[in-house]
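Novice:
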Amino acid sequence: MGIEAKIEAKKREDYLKFTLFSDNNSVLIGRNGQTLDSLQVIVRSCIQNLTGFKVNIIIDVEDYREKQQKNLERTIKKIAFSVKKSGIASTLDPMNSYERRLVHNICSNIKGITTESNGEEPNRCITIKRQD
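Under my numbering, the first residue of the sequence shown is numbered 15, with each subsequent residue one higher.
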């Protein structure tokens, strides 16, 4: 890509995290994180092909994913409490599997709320419902 970046690597219990620092963050992240997602898939595939082991890798650019996750969490909690109060189910926009997993996890910690995945990739989405 012709972009210089510093890389910080951290080993966690069940994954490796690489955080990139660059003057071209917007190029590395791409629209809605699509370039970042693609880089992650490519690196994961390369490592698996070289080692023969499936390794869970997360690539982030200056904590973009972490910020997005906090925004998503705040939004989902707001929607879930609204659903709980009104009883009217809410279907979210299509999300990737990582985001859907976050939504399921966030909502599982809210009593009286349940989630359901609907549709097919790439248009798979989640419906948040009140649990009766």
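All C-beta atoms in this analysis are idealised placements derived from N, C-alpha and C, irrespective of residue type, glycine included.
On a CA-only basis, which of GLY16, ILE17 and LEU34 is nearest LYS24? Give me that one, please.
Specialist: Counting from one through the sequence shown, the residue named residue 24 turns up at place 10. Of the listed residues, the one whose Cα sits closest to LYS24 is LEU34.
Novice: At what residues does the alpha helix (DSSP H) containing LEU116 begin and finish?
Specialist: Here residue 116 is taken as the residue at index 102 of the sequence shown, counted from 1. Taken as a continuous stretch (DSSP letters only), the alpha helix (DSSP H) holding LEU116 covers 111-122.
Novice: Determine the contact status of LEU86 and CYS139, defining contact as a CB-CB distance below 8 Å.
Specialist: Within the sequence shown, numbered from 1, the residue matching residue 86 stands at position 72. Within the sequence shown, numbered from 1, the residue matching residue 139 stands at position 125. Cβ atoms of LEU86 and CYS139: not closer than 8 Å.
Novice: So that I know if they touch, is there some Cβ in chain B lying closer than 8 Å to that of ASN63?
Specialist: Among the chains of the structure shown, chain B does not appear; only one protein chain is present.
Novice: Where does GLU87 fall in DSSP's three states?
Specialist: Position 73 of the sequence shown holds residue 87. GLU87 falls in the helix class under three-state DSSP.
Novice: Give me the residue from SER59, ILE61 and ILE72 with the minimum Cα distance to LEU50.
Specialist: The residue given as residue 50 occupies position 36 in the sequence shown. LEU50 has its Cα closest to that of ILE72, out of SER59, ILE61 and ILE72.
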